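Engineer: Residue numbers (this note's numbering), protein chains in the order written: chain A, -13 to 276; chain B, 62 to 481. Got a structure for you, written out below as structure tokens; questions coming shortly.
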């Protein structure tokens, strides 16, 4: 096996890993702030893809140009889901919360299938079509752009959390919502913000992927399992953890598939996941439970 | 006299009523396809095809005199009983397929079941039918061992993978003989559920027997988020020809990955399924062109067979989509079922099974390029066969058998950067 192919696989793994990371960042935000596992997260990704697709199909706007719009739409959807549904189960037992988000997942898929049929769709002529070669390796331009976009957004989220007042308030709510409330932070607003941001992250990931991945109502299912693994591996609530774990999972999936055999690629990822959890149950960058 | 008249009136009324009751009688047939989930687009096409067949049988189709039952009015052998389809959704999930089959049999009281396209779902659903002794007619699953389980109530009209794989190698031999195109090194790419892994097993066995070298055999889990490592492994082995078995989502993703990684063998010979789904060409456009696929059916067969053209025109006028190998087989499935029920003359499972085993429909009554439908003891149709098609400009053209071809095969595929 030539070094070119290894290098090529490494690059491909990193690029898909960055997308996994962006999806997982949204999931980890919601969990970190609210302690709710959002099973409908893959469906936010799906709606992001459809948003990009329809803006492209109806108004010929490239998914890259409509990213801000998709982000706003998905932020709105996330906030709306919080206001209409999640707010009411914020204090409910965990089982009700799980079934609620699980139900949302099925509902969203049903809506997408009802409105847009189960057909596979793709954005056929994006401005980022084609591929770039450098140093003997070849990378699809859409993947490259998506990877860079994912890094930028993840960095933006990180900066928002660490450098702004609102971000700090969000972090405070995540750390201890009762204490934060005593400090005058409106925890409901923070919850809504977390859902909005979480959905927006998944939506952006979807829009970035719309240029190279087929779009269909069930597409979220392909990514949600990996997103859960990434969130766990990185540590619940940790943005940097999600980023590292996302890239790690992407690289291991591709390299493991190449070296051991593609039929084992997910098995290898999950094996590593189990090993990490045995040694560090809180994940790579999670804080140990007190 | 008045009394006599009254009696006659009553008799006449009674007779009328009884006729009405007979005319409204229905035979319920269960149809299990994936109506939601990853296979939903394929399932929707097949549902349309089955519905069209039922509508022709029940309400007639004047313009297609040569199609059996096209006069309408239901099944004459069952006193004009109409066909009522009861659809169930298996979501491409074997467990769901089994529970839905159970529900159709015990609650809906269907007399027979048609389905399920996805081989591993067909396997579990037909097991339920076997246990309940209800005939199961499978138009479209190609996994060879479905008819090797010693089932009494399972019948399949489509040729199976064993035959299809043999067809593929036969095609390669013919290419060498007639067109002087020599293939030596073959790479395999197959999804790893029942259908894909069996195809791969057969290819690994038959390839060397027929004098070909399998340089790489890759199997992958379906619904992958990426197929990079799969395509990379193939690229490293650099085969002349890739024989691929994928469902539609993976078929689309794999073609995009080939292109993104700048890799293309001389030819891809696909094993039907995803590559012949109408979503494939619609989604990929010119990037999906030039691949070959073994098929059971192609629209250009209509040039030679007016029956195919007439039925397809009707299908198109209803659903704005032409037939493909899957929908044509689903359509044929219900037509065969109608023929069986009509001859059985009863809805008793044993008589249906007996009539099924005695089926002998000539090829000219079918919209398939087959010699007919006739089952052996295992329940396999012995008169079916496959063809090879090539996609050019988003359309499927028959290229093999050469005497039925509507176009010459384009070989090798133009490289990615040489396409307009």
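C-beta atoms are modelled at their ideal positions from N, C-alpha and C, and glycine is treated no differently. From a predicted model like this one, the values you see are computed outputs, not experimental measurements.
Please confirm if residue 41 (chain A) has its CB atom under 8 Å from at least one CB of chain B.
Structural biologist: Translated into positions along the first chain, residue 41 (chain A) becomes position 55. No, because no Cβ of chain B sits closer than 8 Å to the Cβ of residue 41 (chain A).
Engineer: Taking the Cβ atom as the reference point for each residue, do residue 195 (chain A) and residue 5 (chain A) lie within a distance shorter than 8 Å?
Structural biologist: Working through the first chain from its first residue, we reach residue 195 (chain A) at position 209. Working through the first chain from its first residue, we reach residue 5 (chain A) at position 19. Yes; because the gap between Cβ atoms is below 8 Å, this pair is in contact.
Engineer: Between the stretch 470 to 481 of chain B and chain A, which residues of the former have CB atoms less than 7 Å from a CB of the latter, in chain order?
Structural biologist: Correct list: empty, as no residue qualifies.
Engineer: What are the residues in the stretch 330 to 354 of chain B lying within 7 Å of chain A by C-beta distance?
Structural biologist: Correct list: 340, 344 and 346.
Engineer: Residue 340 (chain B) to residue 250 (chain B), Cα distance in whole Å?
Structural biologist: Against the second chain, residue 340 (chain B) aligns to sequence position 279. Against the second chain, residue 250 (chain B) aligns to sequence position 189. Whole-angstrom Cα-Cα distance: 20 Å.
Engineer: With burial defined as no fewer than 16 other Cβ atoms inside 10 Å of the residue's Cβ, what is the status of residue 201 (chain B): buried or exposed?
Structural biologist: Counting from one through the second chain, the residue named residue 201 (chain B) turns up at place 140. The residue is buried, with at least 16 neighbouring Cβ atoms inside 10 Å.
Engineer: For residue 226 (chain A), which residues of its own chain have a beta-carbon under 7 Å away from its beta-carbon, when the five flanking residues on both sides are left out?
Structural biologist: Along the first chain, read from residue 1 onward, the residue named residue 226 (chain A) stands at position 240. Answer for residue 226 (chain A): 144 and 271, listed in chain order.
Engineer: Could you work out which residue in A:-10, A:0 and A:39 is closest to residue 189 (chain A) when comparing CA atoms only?
Structural biologist: Walking along the first chain from the start, residue 189 (chain A) turns up at place 203. Among A:-10, A:0 and A:39, the Cα nearest to that of residue 189 (chain A) is on A:39.
Engineer: Which value, in whole angstroms, describes the spacing of the CA atoms of residue 109 (chain B) and residue 145 (chain B)?
Structural biologist: Here the question's residue 109 (chain B) lines up with position 48 in the second chain. Here the question's residue 145 (chain B) lines up with position 84 in the second chain. Whole-angstrom Cα-Cα distance: 14 Å.
Engineer: Is residue 228 (chain A) closer than 8 Å to residue 14 (chain A) when the C-beta atoms are compared?
Structural biologist: In the first chain, residue 14 (chain A) corresponds to position 28, counting from 1. In the first chain, residue 228 (chain A) corresponds to position 242, counting from 1. In this structure, residue 228 (chain A) lies closer than 8 Å to residue 14 (chain A) by Cβ.
Engineer: Report the option in B:116, B:439, B:445 and B:262 whose CA atom is closest to the CA atom of residue 432 (chain B).
Structural biologist: For the purposes of this step, residue 432 (chain B) is taken as the residue at position 371 of the second chain. Nearest option by C-alpha distance: B:445.
Engineer: Candidates B:354, B:115, B:372 and B:334: which alpha carbon is nearest residue 257 (chain B)'s?
Structural biologist: Position 196 of the second chain, counting from 1, holds the residue named residue 257 (chain B). Of the listed residues, the one whose Cα sits closest to residue 257 (chain B) is B:334.
Engineer: In the DSSP assignment, find the unbroken alpha helix (DSSP H) run with residue 36 (chain A) in it and report its ends.
Structural biologist: Position 50 of the first chain, counted from the first residue, corresponds to residue 36 (chain A). Here the alpha helix (DSSP H) through residue 36 (chain A) covers 27 to 45.
Engineer: Would you say the stretch 315 to 325 of chain B touches the stretch 263 to 271 of chain B, given that touching needs at least three Cβ pairs under 8 Å?
Structural biologist: No contact exists between the stretch 315 to 325 of chain B and the stretch 263 to 271 of chain B.
Engineer: Since residue 455 (chain B) meets chain A, which of its residues come closer than 9 Å, beta carbon to beta carbon?
Structural biologist: For the purposes of this step, residue 455 (chain B) is identified with residue 394 of the second chain, where counting begins at 1. Those within 9 Å of residue 455 (chain B) in chain A number zero; the least Cβ separation is about 12 Å.
Engineer: Mind checking residue 204 (chain A): buried by the 16 CB within 10 Å criterion, or exposed?
Structural biologist: As a first step, residue 204 (chain A) must be located in the first chain, where it is residue number 218. The residue is buried, with at least 16 neighbouring Cβ atoms inside 10 Å.
Engineer: Are the stretch 56 to 64 of chain A and the stretch 28 to 36 of chain A in contact at 8 Å, needing three or more beta carbon pairs?
Structural biologist: Short answer: they touch.
Engineer: Any C-beta of chain B within less than 8 Å: which residues of the stretch 185 to 219 of chain A qualify?
Structural biologist: Result list: 198, 199, 200, 202, 203, 204, 207, 208, 209 and 212.
Engineer: By the DSSP assignment, the beta strand (DSSP E) with residue 302 (chain B) in it spans what residues?
Structural biologist: Walking along the second chain from the start, residue 302 (chain B) turns up at place 241. Looking at the DSSP string, the run of the beta strand (DSSP E) that includes residue 302 (chain B) is 302 to 306.
Engineer: Would you mind sorting residue 24 (chain A) into buried or exposed? The rule is 16 or more other CB atoms within 10 Å of its CB.
Structural biologist: By one-based count along the first chain, residue 24 (chain A) stands at place 38. It is buried - the Cβ of residue 24 (chain A) has at least 16 other Cβ atoms within 10 Å.
Engineer: When the cut-off is 8 Å and only beta carbons count, does residue -9 (chain A) lie next to chain B?
Structural biologist: Looking up residue -9 (chain A) in the first chain gives position 5. So yes, residue -9 (chain A) belongs to the interface.
Engineer: What separation, rounded to the nearest whole angstrom, lies between the Cα atoms of residue 280 (chain B) and residue 252 (chain B)?
Structural biologist: The count along the second chain starts at 1 and reaches residue 280 (chain B) at position 219. The count along the second chain starts at 1 and reaches residue 252 (chain B) at position 191. Cα to Cα, residue 280 (chain B) sits roughly 5 Å from residue 252 (chain B).
Engineer: Would you grab the beta carbon distance between residue 428 (chain B) and residue 389 (chain B) for me? Rounded to a whole angstrom, and I think it's under 8 Å.
Structural biologist: Here residue 428 (chain B) corresponds to residue number 367 of the second chain, with the count starting at 1. Here residue 389 (chain B) corresponds to residue number 328 of the second chain, with the count starting at 1. So it is a contact: roughly 6 Å between Cβ atoms.
Engineer: Thinking just about the alpha-carbon of each residue, which of B:212, B:330 and B:193 is nearest to the one in residue 300 (chain B)?
Structural biologist: Numbered from 1 along the second chain, position 239 holds the residue referred to as residue 300 (chain B). Considering only alpha carbons, the answer is B:330.
Engineer: Given this structure, state the Cα-to-Cα distance separating residue 278 (chain A) from residue 311 (chain B), to the nearest angstrom.
Structural biologist: A question about residue 278 (chain A) goes unanswered here, because the residues of chain A that appear run from -13 up to 276.
Engineer: Pull the bridge partners of residue 355 (chain B) from the DSSP assignment, please.
Structural biologist: Locating residue 355 (chain B) in the second chain gives position 294, where the first residue counts as 1. For residue 355 (chain B), which the question treats as bridged, DSSP gives the partners B:449.
Engineer: So if DSSP puts residue 329 (chain B) in a beta bridge, which residue, or which two residues, is it bridged to?
Structural biologist: To locate residue 329 (chain B), count along the second chain from 1; it is residue 268. BP columns for residue 329 (chain B) point to B:303.
Engineer: What residues from chain A crowd round residue 313 (chain B), counting only those whose CB sits closer than 8 Å?
Structural biologist: Looking up residue 313 (chain B) in the second chain gives position 252. Correct list: 106, 108 and 200.
Engineer: Is residue 346 (chain B) near residue 138 (chain B), with beta carbons less than 8 Å apart?
Structural biologist: Here residue 346 (chain B) corresponds to residue number 285 of the second chain, with the count starting at 1. Here residue 138 (chain B) corresponds to residue number 77 of the second chain, with the count starting at 1. Not in contact: residue 346 (chain B) and residue 138 (chain B) (Cβ atoms no closer than 8 Å).
Engineer: What are the start and end residues of the beta strand (DSSP E) that includes residue 149 (chain B)?
Structural biologist: By one-based count along the second chain, residue 149 (chain B) stands at place 88. Residues 143 to 150.
Engineer: On a CA-only basis, which of A:269, A:261, A:260 and A:-3 is nearest residue 127 (chain A)? Give me that one, please.
Structural biologist: To locate residue 127 (chain A), count along the first chain from 1; it is residue 141. The option with the nearest alpha carbon to residue 127 (chain A) is A:-3.
Engineer: Does the Cβ-Cβ distance between residue 398 (chain B) and residue 198 (chain B) come in under 8 Å?
Structural biologist: Residue mapping note: residue 398 (chain B) aligns to position 337 of the second chain, counting from 1. Residue mapping note: residue 198 (chain B) aligns to position 137 of the second chain, counting from 1. Contact: yes.
Engineer: Is there a Cβ from chain B that is less than 8 Å from the Cβ of residue 243 (chain A)?
Structural biologist: As a position in the first chain, residue 243 (chain A) is number 257, starting the count at 1. Yes, because at least one Cβ of chain B sits closer than 8 Å to the Cβ of residue 243 (chain A).
Engineer: Would you tell me roughly how many angstroms separate the C-alpha atoms of residue 258 (chain A) and residue 102 (chain B), rounded to the nearest one?
Structural biologist: Counting from one through the first chain, the residue named residue 258 (chain A) turns up at place 272. Counting from one through the second chain, the residue named residue 102 (chain B) turns up at place 41. Approximately 35 Å between the Cα atoms of the pair.
Engineer: Along chain B, in chain order, which residues have C-beta atoms closer than 9 Å to that of residue 49 (chain A)?
Structural biologist: Here the question's residue 49 (chain A) lines up with position 63 in the first chain. Per Cβ cutoff of 9 Å: no residues; residue 49 (chain A) is ~15 Å from chain B at best.
Engineer: Within 10 Å of its beta-carbon, does residue 98 (chain A) have 16 or more other beta-carbons around it, so buried, or fewer, so exposed?
Structural biologist: Locating residue 98 (chain A) in the first chain gives position 112, counting from the first residue. With 16 or more other Cβ atoms within 10 Å, it is buried.
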